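Residue numbers (the UniProt record's numbering), protein chains in the order written: chain A, 1 to 238; chain B, 1 to 238; chain C, 1 to 238; chain D, 1 to 238; chain E, 1 to 238; chain F, 1 to 238. Here is the structure we will look at.
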């Protein structure tokens with residue numbers, strides 16, 4: 001039995017609140033159960049130096065965790081004077097995933113920065129960040145369309161992300177913290193709304209996993225992502 | 001006329017939400033109008049090295065601003081690799097103010113860290129941090145009392161903070177961003193519930209201020225702090 | 001009785017030595033008793049990027065303490081790889097105070113940097129820095145006038161700074177180290193030569209202070225600053 | 001046709017030179033075609049603080065690239081003052097993969113650090129690092145066994161890693177640089193000698209990939225890893 | 001008796017392998033006995049800002065040591081976040097020495113960066129770096145000549161470097177590690193092929209040295225450098 | 001003709017002021033003409049970790065330059081977040097030179113830190129630092145003797161340092177800034193009072209130097225150091 005009686009394939013209750021803060025062009029609070037991430041999208045009508053003059057845009061992302069988003073307090077990275085490897089790895093993953101959703105040519109010479117700050121952590125913060133970050137990105141693009149800076153919507157397809165894993169020999173979807181820390185294998189999957197893969201990152205934490213287990217996890221991920229895309233669509237339809 | 005029709009002495013609507021997140025021993029979302037700060041209090045049952053073996057406790061604080069809490073995005077301090085002067089100055093102010101509320105001897109060899117993270121900024125983030133941080137601190141102390149680690153409540157008096165300023169020659173209480181950026185003088189005041197002063201920091205941004213203006217600002221601050229302490233008491237009574 | 005038999009209102013012997021070093025456009029050794037700070041003013045005929053093309057100038061400041069300016073050696077900040085919060089806070093205070101003395105429009109597109117390096121510390125290093133820094137600034141402006149880069153003197157009014165505090169229930173002016181470390185309240189005040197306030201920063205170190213105590217400290221500060229401005233005038237007249 | 005006429009499933013010529021340098025307990029130069037990585041294993045007979053007293057060991061890894069291992073010179077990370085996200089991400093991957101090969105309990109309170117420094121880069125530096133790093137690790141463990149510090153060999157299974165990708169719609173094994181930069185999808189796979197998975201990291205660089213493409217890439221990876229494990233065994237048998 | 005039966009004046013076997021790696025314009029593995037340093041020269045057809053528009057070029061150098069080039073592992077400087085004093089001192093020495101070999105005017109607005117990375121250390125890494133770095137520099141200059149970017153060879157004279165020292169009261173040339181750590185005095189000498197001095201850096205590690213000892217060391221250095229220049233010439237003739 | 005009519009062998013007027021500041025165990029202002037360096041010696045009755053329990057002491061040094069000690073302002077290293085290579089190189093030189101003057105065994109488990117801060121620079125700041133630093137060190141050792149912490153004076157011999165160089169083909173002693181910037185060769189020499197060498201660092205800035213020029217420079221250095229040791233003795237005799 002999973003905590004809260006979820007079935008193995010069932011994602012946690014998902015809430016996507018748009019316009020959560022005032023200033024950002026896109027601002028979304030995404031909740032996967034007790035995991036809460038604030039995703040803001042900031043538009044800058046220019047591109048980084050390495051893209052100057054190529055007529056295409058850029059999407060980047062930064063991930064952070066408030067010091068007490070977790071069970072015990074983590075030292076603030078700004079105070080330590082550097083971002084840890086985990087933070088940079090997740091920032092790079094979010095950015096790659098969101099860039100894969102957009103035709104950068106069609107974005108024109110604009111940069112959109114997605115900031116994902118974890119308010120409360122209970123497993124799956126990176127997948128929540130990607131899922132909520134996509135909605136914030138969509139809002140920022142709408143902002144550019146509404147003000148006439150873009151004629152065509154550069155989004156190629158919706159994307160969402162979910163974690164899956166093997167716990168006690170059983171594949172589960174959308175691991176919460178107690179499951180995640182007991183998992184033999186942990187996998188994060190980013191897919192398009194039609195089920196094609198953007199990122200697959202599977203790690204054997206405790207025991208190597210078999211081909212069959214991989215397939216089982218991918219099937220759960222596909223189903224979970226279908227639910228998450230539905231939640232994104234509902235939020236964007238409001 | 002002030003935005004939203006406030007009188008010069010009137011503070012913005014104040015909301016203090018306790019237990020805003022799950023993990024921290026104290027967790028408060030404080031709102032002064034559109035300014036929103038998440039204040040968490042984390043308890044560690046030990047003290048920093050410089051206090052070891054003296055039988056007294058410590059209270060410290062860190063302030064941060066999410067990159068898009070403001071009108072335009074600020075570079076993330078963790079990515080820059082250092083905290084700016086403004087951040088450190090405010091962190092030190094919050095810590096000093098909260099330490100002044102507590103008998104460190106009576107706190108025993110415990111450390112409480114108050115993290116104040118600005119979710120949305122509209123002026124007065126440091127005064128909201130102190131006001132909300134005090135409630136988070138009170139909850140963390142209650143946690144220590146409830147688990148039997150403290151016999152006596154070490155809080156000496158409640159404290160709260162408000163900004164006051166001179167705008168167009170007129171003294172105003174609890175400046176919001178548009179007022180703050182037009183102010184000739186800007187002053188932050190921390191007081192105890194009985195109106196004694198903990199910190200007074202007045203700065204002539206545009207024009208030096210007179211003794212009379214100082215007195216006028218202090219009177220407004222006292223009234224504003226009375227309102228804020230009332231809000232703190234109501235929140236703590238829930 | 002104060003050390004050296006000073007009356008409560010009396011500042012320490014003040015010495016202001018201009019042209020203390022060779023290379024800087026303004027170079028002042030300021031001594032408040034045993035506190036000795038070297039203040040240099042460096043002129044650059046350009047402005048920082050954020051002011052480019054606005055036809056106005058800039059004044060900035062940096063504060064530092066030699067490792068053995070104090071009773072025990074402090075680790076060198078350059079070796080630690082970052083400036084501490086206290087250093088940045090004082091640098092910001094000095095810069096704000098000196099900017100308030102100058103009409104930045106009238107300064108034209110010039111930048112003046114005031115470096116305040118504490119050679120020997122005995123309390124009041126920040127107020128000595130502001131008081132001596134003003135004289136170095138005045139010399140740097142004279143340099144610009146003499147070489148024809150400025151037609152009009154952009155100084156609006158002289159400024160000086162002094163610390164005041166409550167020690168053993170008694171208000172004292174210009175605290176030296178032994179007084180400062182015993183003070184219940186410590187306040188730094190920057191004023192113009194005509195007694196208007198530029199900065200007031202009062203901190204309850206041990207006990208909150210009352211309105212009456214604040215007024216008493218401000219009166220002492222005003223008298224002390226009168227003496228300091230007289231010393232500045234005498235130095236500038238040489 | 002691939003460069004050098006390789007078949008899609010064919011890995012580049014692999015060379016594994018043990019005892020490449022004098023001082024390290026394990027020292028391996030691994031070459032995948034023109035990619036050359038020096039992997040050293042350093043033994044320390046103690047564990048990091050977080051493991052003290054638990055009777056188990058630790059394996060960690062650091063990855064670096066010499067400034068001119070690549071077509072154009074990269075700024076030295078030591079000179080920049082920080083390791084980039086890519087460097088940290090690869091270091092973490094290597095460490096996780098090698099830890100998965102070892103029973104940390106059986107390793108006792110010893111730490112082995114694997115340094116992987118890229119002398120020359122032509123694609124696949126992280127997979128070469130893992131493959132060569134495993135051999136260096138095995139030698140370091142032999143060193144501990146030979147000196148009597150370990151009674152039982154703590155290696156659970158051999159591991160190796162290879163990259164696979166989709167280039168021009170075709171799945172290829174062990175991408176070299178020109179293939180890697182033209183790939184639509186790029187995947188790194190770490191497996192045990194018996195084909196169970198340790199890590200799977202697939203990224204859609206240009207176009208999302210289908211379930212079928214994933215399976216095709218995994219099949220190529222399995223075959224490639226068989227060849228790499230054979231090369232490891234041959235090297236270790238010398 | 002010296003290790004390996006060398007005479008006091010005898011340098012270790014020297015090997016200079018050109019074109020050691022693929023990408024750099026000059027790439028040399030230099031070996032002084034067991035000391036092995038990879039020296040690469042990277043050409044950039046521009047100059048640093050401080051030289052812009054002066055029609056002359058620049059030569060710079062960076063030195064690094066792989067973490068396990070030494071008997072015990074050194075922490076990676078990129079991970080520490082700063083280069084140590086020894087590293088910076090050696091980088092500056094190499095750069096100064098190589099600049100002294102070249103007419104920077106005749107180099108035109110080109111920059112050549114010499115990276116010297118120690119693969120294995122056994123004493124004399126800085127002198128090996130200079131000796132091998134000169135050959136890499138010569139190859140990079142040949143590259144510029146061959147592509148027509150330079151008409152005239154800007155090299156003024158060949159240079160090489162050797163260490164000498166006083167061990168047990170006896171002057172020795174080209175100290176290896178066991179000698180170096182027992183030396184009373186250690187001196188590094190850089191000379192031109194005709195025996196004029198570029199750098200002389202002598203340090204009394206254990207005991208001050210006399211004028212006579214200095215002369216004796218210089219004589220050994222001159223002889224050693226003759227041998228090294230011969231090895232450079234042989235390598236460049238291949 | 002040299003500036004101020006000095007003969008080639010003549011050092012600038014040297015002033016050594018002991019007890020220049022209050023708090024340090026040794027505090028010396030050393031002036032070589034217009035070069036002014038404050039050297040303080042700080043005693044700590046313990047040793048760094050790597051020397052614990054060996055019954056010997058340690059001497060270390062740090063060098064810094066005030067931002068406006070020079071013709072144009074240098075950025076403060078504390079603000080840059082790191083010490084430059086030149087700073088670290090000079091710090092290491094001063095420390096090595098002063099350690100060579102002392103029997104560390106006889107110093108017992110004490111650490112003396114020499115801080116050399118350049119107030120005004122006009123060439124020769126490192127040699128002034130060593131010469132003045134030695135006097136500060138001697139005073140700190142006297143402090144330890146006077147308080148009974150040392151029975152025997154651990155100083156083995158006095159040391160001093162001077163720069164020499166070749167300017168317009170002529171050897172000169174104690175170069176001031178205008179000479180130094182025109183020098184073909186620049187050499188810093190540290191010697192004991194009896195003329196044995198501690199450090200010799202000669203650099204061909206513009207042209208290689210011959211054996212004869214080296215000898216000529218060493219002879220000038222010896223004479224200059226005789227004068228400096230006389231000045232040290234006179235100062236210590238006061």
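We put the beta carbon where it would ideally sit given N, CA and C, even for glycine. Being a predicted model, the structure only gives us computed values, none of them experimental.
* If residue 79 of chain D and residue 83 of chain E are in contact, beta carbons under 8 Å, what's the gap, nearest whole angstrom? -> Locating residue 79 of chain D in the fourth chain gives position 79, where the first residue counts as 1. Locating residue 83 of chain E in the fifth chain gives position 83, where the first residue counts as 1. 6 Å between Cβ atoms; contact.
* Along the segment 33 to 61 of chain A, what residues have a CB closer than 7 Å to any CB found in chain D? -> none
* Asked: How would you label residue 116 of chain F, buried or exposed, when you count the other beta carbons within 10 angstroms and need 16 or more for buried?
  -> Here residue 116 of chain F refers to the residue found at position 116 when the sixth chain is read from its first residue. The residue is buried, with at least 16 neighbouring Cβ atoms inside 10 Å.
* Asked: In terms of DSSP beta bridges, what is residue 241 of chain B paired with?
  -> With chain B running from 1 to 238 in the structure shown, residue 241 of chain B is simply not present.
* To do: At 9 Å on the CB atoms, spell out the chain B contacts of residue 199 of chain C, in chain order.
  => On the third chain, position 199 is the one that residue 199 of chain C refers to. By Cβ distance, chain B contributes 201, 202, 203 and 204.
* Straight-line CA distance for residue 111 of chain D to residue 222 of chain E? -> Taking the first residue of the fourth chain as position 1, residue 111 of chain D is located at position 111. Taking the first residue of the fifth chain as position 1, residue 222 of chain E is located at position 222. Cα-Cα distance, rounded: 46 Å.
* Asked: So, are the CB atoms of residue 193 of chain E and residue 157 of chain E less than 8 Å apart?
  -> Working through the fifth chain from its first residue, we reach residue 193 of chain E at position 193. Working through the fifth chain from its first residue, we reach residue 157 of chain E at position 157. Going by C-beta atoms, residue 193 of chain E is nearer than 8 Å to residue 157 of chain E.
* **Between the CA atoms of residue 184 of chain F and residue 171 of chain F - distance to the nearest angstrom** => Along the sixth chain, one-based indexing puts residue 171 of chain F at 171. Along the sixth chain, one-based indexing puts residue 184 of chain F at 184. Approximately 10 Å, taken between the alpha carbons.
* Asked: For a contact meaning CB atoms closer than 8 Å, what does residue 154 of chain A contact in chain D?
  -> Within the first chain, numbered from 1, the residue matching residue 154 of chain A stands at position 154. Residues of chain D passing the Cβ test: none, with the nearest at roughly 16 Å.
* Where does residue 72 of chain C land, buried or exposed, given buried means 16+ other C-beta within 10 angstroms? -> On the third chain, position 72 is the one that residue 72 of chain C refers to. Looking at its Cβ environment, which holds fewer than 16 other Cβ atoms inside 10 Å, residue 72 of chain C is exposed.
* Going by DSSP, name the residue or residues bridged to residue 153 of chain D. => Within the fourth chain, residue 153 of chain D is the residue found at index 153, counting from 1. DSSP lists no partner for residue 153 of chain D.
* Is there a Cβ from chain D that is less than 8 Å from the Cβ of residue 92 of chain E? -> The residue you call residue 92 of chain E lines up with position 92 of the fifth chain. Closer than 8 Å: no.
* From what residue to what residue does the alpha helix (DSSP H) around residue 142 of chain D run? -> Translated into the one-based positions of the fourth chain, residue 142 of chain D becomes position 142. Element bounds for residue 142 of chain D: 125 to 146.
* residue 193 of chain C - DSSP class collapsed to helix/strand/coil -> Indexing the third chain from 1 puts residue 193 of chain C at position 193. Correct three-state label for residue 193 of chain C: coil.
* **Collapsed DSSP secondary structure at residue 158 of chain C in the structure displayed** => Numbered from its first residue, the third chain carries residue 158 of chain C at position 158. It is coil, neither helix nor strand.
* Mapping DSSP to helix, strand and coil, what is residue 175 of chain B? -> Position 175 of the second chain, counted from the first residue, corresponds to residue 175 of chain B. Correct three-state label for residue 175 of chain B: coil.
* Out of D:123, D:26, D:33 and D:49, which has the shortest C-alpha to C-alpha gap to residue 42 of chain D? -> Taking the fourth chain and counting its residues from 1, the one referred to as residue 42 of chain D is at position 42. For the set D:123, D:26, D:33 and D:49, the Cα lying nearest the Cα of residue 42 of chain D is the one of D:26.
* If you draw a straight line from the C-alpha of residue 202 of chain C to the C-alpha of residue 1 of chain B, how long is it? -> Reading the third chain from its first residue, position 202 is the one you call residue 202 of chain C. Reading the second chain from its first residue, position 1 is the one you call residue 1 of chain B. Those two C-alpha atoms are separated by around 31 Å.
* Verify whether the separation of the beta carbon atoms of residue 159 of chain C and residue 130 of chain C is less than 8 Å. => As a first step, residue 159 of chain C is located in the third chain; it is residue number 159 there, counting from the start. As a first step, residue 130 of chain C is located in the third chain; it is residue number 130 there, counting from the start. Yes, Cβ-Cβ distance for residue 159 of chain C and residue 130 of chain C is below 8 Å.
* Count the other C-beta atoms from every protein chain shown that fall within 10 angstroms of the C-beta of residue 199 of chain E, then say buried if there are 16 or more, exposed otherwise. => Start at 1 with the first residue of the fifth chain, and residue 199 of chain E comes out as number 199. Answer is buried; the Cβ neighbour count reaches 16.
* Asked: To the nearest whole angstrom, what separates the beta carbons of residue 208 of chain C and residue 65 of chain B, a pair I think is in contact under 8 Å?
  -> In the third chain, the residue the question calls residue 208 of chain C occupies position 208. In the second chain, the residue the question calls residue 65 of chain B occupies position 65. Rounded, the Cβ-Cβ distance is 29 Å, inconsistent with contact.
* Look at the Cβ atom of residue 88 of chain C, then the Cβ atom of residue 85 of chain B, and state whether they are nearer than 8 Å. => As a working mapping, residue 88 of chain C is identified with position 88 in the third chain. As a working mapping, residue 85 of chain B is identified with position 85 in the second chain. Yes.
* Could you name the residues that DSSP lists as bridge partners for residue 167 of chain D? => As a first step, residue 167 of chain D is located in the fourth chain; it is residue number 167 there, counting from the start. DSSP lists D:170 and D:183 as partners of residue 167 of chain D.
* Asked: What are the boundary residues of the alpha helix (DSSP H) that residue 233 of chain C is part of?
  -> Position 233 of the third chain, counted from the first residue, corresponds to residue 233 of chain C. Here the alpha helix (DSSP H) through residue 233 of chain C covers 211 to 237.
* 8 Å contact criterion, which residue 162 of chain E and residue 11 of chain E should meet: CB distance rounded -> On the fifth chain, residue 162 of chain E is found 162 positions in, with the first residue counted as 1. On the fifth chain, residue 11 of chain E is found 11 positions in, with the first residue counted as 1. Confirmed, about 7 Å.
* In chain order, what residues of the segment 76 to 88 of chain B put their CB closer than 7 Å to some CB of chain A? -> 76, 77, 78, 79, 81, 82 and 83
* Asked: Is residue 40 of chain C helix, strand or coil by DSSP?
  -> Position 40 of the third chain holds residue 40 of chain C. Correct three-state label for residue 40 of chain C: strand.
* Could you name the residues of the segment 111 to 143 of chain A whose beta carbon sits closer than 7 Å to any beta carbon of chain B, in the order they occur along the chain? => 113, 115, 117, 119 and 120
* Asked: Can you find a C-beta in chain D that's less than 8 Å from the C-beta of residue 175 of chain E?
  -> Stepping through the fifth chain from its first residue, residue 175 of chain E is reached at position 175. No, residue 175 of chain E lies away from the interface with chain D (no Cβ there is under 8 Å from its Cβ).
* Using a Cβ cut-off of 8 Å (strictly closer), state whether residue 13 of chain C contacts chain B. => Indexing the third chain from 1 puts residue 13 of chain C at position 13. By this cut-off, residue 13 of chain C is not an interface position.
* Asked: Does the beta carbon of residue 66 of chain C come closer than 8 Å to any beta carbon on chain F?
  -> Here the question's residue 66 of chain C lines up with position 66 in the third chain. Output row for residue 66 of chain C: interface = yes.
* Near the ligand NAD: residue 158 of chain B beta-carbon under 7 Å from a heavy atom -> Looking for the ligand NAD in the displayed structure turns up nothing, as the structure carries no ligands at all.
* **Through-space distance from residue 119 of chain D to residue 181 of chain E, alpha-carbon basis** => Reading the fifth chain from its first residue, position 181 is the one you call residue 181 of chain E. Reading the fourth chain from its first residue, position 119 is the one you call residue 119 of chain D. Cα to Cα, the separation comes out at about 29 Å.
* Closest to residue 226 of chain D by CA distance: which of D:204, D:56 and D:190 is it? -> Taking the first residue of the fourth chain as position 1, residue 226 of chain D is located at position 226. The residue with the shortest Cα to Cα distance from residue 226 of chain D is D:190.
* Secondary structure of residue 87 of chain A, DSSP reduced to three states -> Counting from one through the first chain, the residue named residue 87 of chain A turns up at place 87. DSSP places residue 87 of chain A in helix when its eight states are reduced to three.
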